[in-house]
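Single-structure report; data block below.
See below:
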């Protein structure tokens, strides 16, 4: 295997060319410091947040950050799904519950650990997503939206119908923890950084996809599917692949929740309230903005927690009032504010069409 580094071919980029048995592949890496500074600063502040909460004695808020990371995982995968399929999807919570149920039931029935259930939940999510992916091809508009909206409620009814298996409101107890830590504070810190690794991995993966030729194809598909077909783009192939992969990614969020709480109550994550959190995170962060999905998740979960602490019974009203105001006042989301000031920085984002 031969690795060549071509520095001067493009300004500000390192291009790695890997040759192995006659096969040559190129990978690009942006090296201009102006593209690094703000993401690095934001990442450092993000990773230091739980340490600051630990120092000031607000240990309970660390679990809020963990939950925000889980919502960010779902929102990033959901944003890729919306971009890659050109459809408004209401079904991410279906795969959250699927991943959680698979992890909890395989742990309960077969005594599997988190590592084994990780692969099973991921592969099951991809498999079920592949089986359901034809709905992306044969339906569009309000029909697709209704189908994806109904799917979680079908699983919701099944969870109550077979409460002996799925536990309904009591959930499935006895799920082994991800990390065998006794000290609760150390455990919360470890869970935060573990979930942060997942968020960074998701963002890195989606970033690379959107920078690739497939990202360009998804951009054309998202703008006008008929024109994409005229250009010879296999839109059905792209939609099926993206739907299947993002289903597996979202299922891992359910896997994490099951092992994090050491039990899984799927009906909580099949509720409209949880779906609203996911949709608000994606929209408030910025439609089609991968990094905005992370920012939106922290904003939505943070406002939700602060209103709950300080406003009590009025928290729900104030929370949704703030969220709706953000959508009305910032149509491009929070990430749009950053992009207006840093418009020269190349960060993947694709315009999500209004007509779905």
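Numbering (this note's numbering), first residue to last: 977 to 1332.
Where a beta carbon is used, it is the ideal one built from N, C-alpha and C, also for glycine.
Identify, in the order they occur along the chain, each residue of the same chain with its Cβ nearer than 8 Å to the Cβ of residue i, setting aside the five sequence neighbours on each side.
i            : result
residue 1253 : 1047, 1276, 1277, 1280
residue 1269 : 1048, 1051, 1052, 1054, 1055, 1257, 1258, 1261, 1262
residue 1125 : 1066, 1067
residue 1207 : 1196
In this structure, does DSSP put residue i in helix, strand or coil?
i            : result
residue 1057 : helix
residue 946  : Since the first residue shown for the chain is 977 and the last is 1332, residue 946 is missing from the structure and cannot be characterised.
residue 1066 : coil
residue 1148 : strand
residue 1218 : helix
residue 1001 : strand
residue 1309 : helix
residue 1110 : helix
residue 1115 : coil
residue 1088 : coil
residue 1200 : coil
residue 1207 : coil
residue 1190 : helix
residue 1153 : coil
residue 1033 : coil
residue 1013 : helix
residue 1143 : coil
residue 1316 : helix
Would you please state the rounded distance, in angstroms, between the beta carbons of residue i and residue j? I believe it to be under 8 Å.
i            : j            : result
residue 1112 : residue 1187 : Contact flag wrong, Cβ pair sits at about 23 Å.
residue 1098 : residue 1228 : 6 Å
residue 1072 : residue 1104 : Residue 1072 to residue 1104, Cβ: 12 Å. No contact.
residue 1167 : residue 1155 : 7 Å
residue 1235 : residue 1090 : 5 Å
residue 1309 : residue 1262 : 3 Å
residue 1312 : residue 1305 : That pair is no contact at about 11 Å.
residue 1096 : residue 1224 : Not really, about 11 Å apart at Cβ, beyond 8 Å.
residue 1066 : residue 1300 : At roughly 18 Å, the Cβ-Cβ gap does not stay under 8 Å, so residue 1066 and residue 1300 are not in contact.
residue 1122 : residue 1070 : That belief does not hold up - the Cβ atoms of residue 1122 and residue 1070 are roughly 14 Å apart, past 8 Å.
residue 1209 : residue 1193 : 5 Å
residue 1142 : residue 1135 : 4 Å
residue 1219 : residue 1057 : 6 Å
residue 1232 : residue 1174 : 7 Å
Within a Cβ cutoff of 7 Å, which residues of the same chain sit near residue i, ignoring the five residues on either side of it in sequence?
i            : result
residue 1040 : 1277, 1281
residue 1026 : 1038, 1041, 1165, 1168
residue 1302 : 1260
residue 1086 : none
residue 1197 : 1062, 1204, 1209, 1211, 1214
residue 1285 : none
residue 1271 : 1261, 1310, 1311
residue 1145 : 1241, 1243
Apart from the five residues on each side of it in sequence, which residues of its chain come closer than 6 Å, Cβ to Cβ, to residue i?
i            : result
residue 1274 : 1044
residue 1120 : 1063
residue 1191 : 1185
residue 1241 : 1147
residue 1283 : 1291, 1294, 1295
residue 1100 : 1078
residue 1316 : none
residue 984  : Reliability fails at residue 984, whose pLDDT of 46 lies under 50, so the model's placement of it is uncertain and no value is given.
Would you say the beta carbon of residue i comes nearer than 8 Å to a heavy atom of the ligand SAH?
i            : result
residue 1081 : Absence of the ligand SAH is noted for the structure shown, with no ligands found whatsoever.
Cβ contact check for the region 1196-1206 and the region 1058-1075: 3 or more pairs under 8 Å: By the criterion of at least three beta-carbon pairs nearer than 8 Å, the region 1196-1206 is in contact with the region 1058-1075.
Could you check whether the region 1020-1028 touches the region 1134-1151, counting it as contact only if at least three pairs of C-beta atoms, one from each stretch, sit closer than 8 Å? Taking a contact to require three or more Cβ pairs closer than 8 Å, the region 1020-1028 and the region 1134-1151 do not qualify as touching.
Whole runs of the alpha helix (DSSP H) within the region 1229-1288, excluding any shorter than 4 residues: Taking only runs of at least 4 residues, the alpha helix (DSSP H) segments lying wholly in the region 1229-1288 are 1242-1245, 1248-1261, 1266-1287.
Count Cβ pairs between the region 1285-1304 and the region 1255-1268 that sit closer than 8 Å; are there 3 or more? Output reads yes: the region 1255-1268 touches the region 1285-1304.
Count the C-beta pairs between the region 1073-1086 and the region 1176-1185 that are closer than 8 Å, then say yes if the count reaches three, no if not. Under the three-pair Cβ rule at 8 Å, the region 1073-1086 does not count as touching the region 1176-1185.
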